[in-house]
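Enquirer:
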Amino acid sequence: MTDMKLTRKAYGKVNLFLSVGAKRDDGKHEVETVLCKVGVYDTVSVELTPNGGIALICDDPGVPTDGSNLAVKAALAYAEAARIELNCSIRIEKRIPVTAGMGGGSSDAAAVLIMLSELLGKLNQEQLLNIASSLGSDVPFFMYEDKAMVGRGSGDIMTPCVSNLDKLYGVFVMYGVKESTGKAYALLDEARGETALRSSDGVASALKNNDIHQLAREISNDFEMCSKHLAEVRSALDERGCFRSFLCGSGPTVCGLFIDESTASEAAEKLVYPTFLCEI
């Protein structure tokens, strides 16, 4: 075997639209969401080894390297589906903030599945997507090269979404403590009565037509109704030139959108919260 190692960029994402419907019999919620890749990424490498099982190394000490890591779970699921004994080393250079609601773990897992498929060629695309769906609702999105996609079902049924949007800049404000995804859904269910899904067509249209005014009107996230301190963070972003802010995933990170990079950079420097800046 000549190619024993591959390296891939694993991009983060934002949900420009997230509508949560009723809980299904399988315990998952129906959702409709628009996911969009952003400029920040982890660098993930997979190297086949002669022995040693599946090992993970990460440069961020806050990231678990055992079987609880989604990238390790992806490798284990691949080996099980392919019915092989897999020995490989996974290395992650972490740049997507941990627990920021930006899908870093899901993106890393998808990168591992893609690279194992390229290295070993044991599974077809349908099998890979089935594994991705079993790992989490965001993982299938990162299996595609598209910048933006609409997610339906539990969020794992993907449809391409044309994006002609000019470059924007996101200032990501990290505050509070992230709840588990299950806890976040439970809090949302307690906070609302209506569970009818809303349509993401408005955001999809704005992306296709490069209409940031329509985008500002249509961006929406149901989890905002139970997010603490959201108004405070939004006010701080608005004061510094943000044209629209929204919750990332189930929170607690908030993204403020800016048209001008220098204004965004100045805002990121002056905010009292931990922040980082990247292109969207």
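With the working numbering, the residue at position 63 of the sequence shown is 978, and numbering never jumps. Built from N, CA and C at the ideal position, the CB exists for glycine as well.
May I ask which residues mark the beginning and end of the alpha helix (DSSP H) holding Thr1190?
Expert: Position 275 of the sequence shown, counting from 1, holds the residue named residue 1190. First-last for Thr1190: Thr1190 to Glu1194, but that is the beta strand (DSSP E), not the alpha helix (DSSP H).
Enquirer: Whose CA, out of Phe1158, Glu947 and Leu1001, lies closest to the CA of Gly1085?
Expert: Taking the sequence shown and counting its residues from 1, one reaches residue 1085 at position 170. Of the candidates Phe1158, Glu947 and Leu1001, the one whose C-alpha sits nearest the C-alpha of Gly1085 is Phe1158.
Enquirer: For the alpha helix (DSSP H) that contains Ser1022, what are its first and last residues?
Expert: Here residue 1022 corresponds to residue number 107 of the sequence shown, with the count starting at 1. First-last of the alpha helix (DSSP H) with Ser1022: Gly1019 to Leu1035.
Enquirer: With distances taken between CB atoms, is the gap from Ser1142 to Leu1152 smaller than 8 Å?
Expert: Here residue 1142 refers to the residue found at position 227 when the sequence shown is read from its first residue. Here residue 1152 refers to the residue found at position 237 when the sequence shown is read from its first residue. No; because the gap between Cβ atoms is not below 8 Å, this pair is not in contact.
Enquirer: Would you mind giving the Cβ-Cβ distance between Lys952 and Lys1062, rounded to the nearest angstrom? I have them listed as a contact below 8 Å.
Expert: What you label residue 952 is simply residue 37 of the sequence shown in a count that begins at 1. What you label residue 1062 is simply residue 147 of the sequence shown in a count that begins at 1. Confirmed, about 5 Å.
Enquirer: Using only the alpha-carbon positions, how far apart do Ile1127 and Ser1032 sit?
Expert: Against the sequence shown, residue 1127 aligns to sequence position 212. Against the sequence shown, residue 1032 aligns to sequence position 117. Straight-line Cα distance between these residues: approximately 38 Å.
Enquirer: If I follow the unbroken alpha helix (DSSP H) through Glu1184, where does it start and stop?
Expert: The residue you call residue 1184 lines up with position 269 of the sequence shown. Residues Glu1176 to Lys1185.
Enquirer: For Val1077, count the other beta carbons within 10 Å of its own beta carbon; 16 or more makes it buried, fewer makes it exposed. Which is it?
Expert: Here residue 1077 refers to the residue found at position 162 when the sequence shown is read from its first residue. So Val1077 ends up on the exposed side.
Enquirer: Could you tell me which residues DSSP pairs with Val959 in its beta bridges?
Expert: Looking up residue 959 in the sequence shown gives position 44. Bridge partners of Val959: Arg923 and Ile1007.
Enquirer: Using 8 Å as the cut-off, can you tell me whether the segment 978-986 makes contact with the segment 933-949, which would need three or more C-beta pairs spanning the two stretches below that distance?
Expert: No, they do not touch.
Enquirer: Just how far apart, CA to CA, sit Glu1147 and Glu1094?
Expert: As a working mapping, residue 1147 is identified with position 232 in the sequence shown. As a working mapping, residue 1094 is identified with position 179 in the sequence shown. Taking the straight line joining both Cα atoms gives about 19 Å.
Enquirer: Classify Pro1055 as helix, strand or coil using the three-state DSSP reduction.
Expert: Working through the sequence shown from its first residue, we reach residue 1055 at position 140. Correct three-state label for Pro1055: helix.
Enquirer: With burial defined as no fewer than 16 other Cβ atoms inside 10 Å of the residue's Cβ, what is the status of Lys924: buried or exposed?
Expert: Translated into positions along the sequence shown, residue 924 becomes position 9. Exposed, because fewer than 16 other Cβ atoms sit within 10 Å of the Cβ of Lys924.
Enquirer: Using DSSP's beta-bridge definition, name the partner residues of Ile1072.
Expert: Translated into positions along the sequence shown, residue 1072 becomes position 157. In the DSSP output, where bridge partners are listed per residue, Ile1072 has Arg1067.
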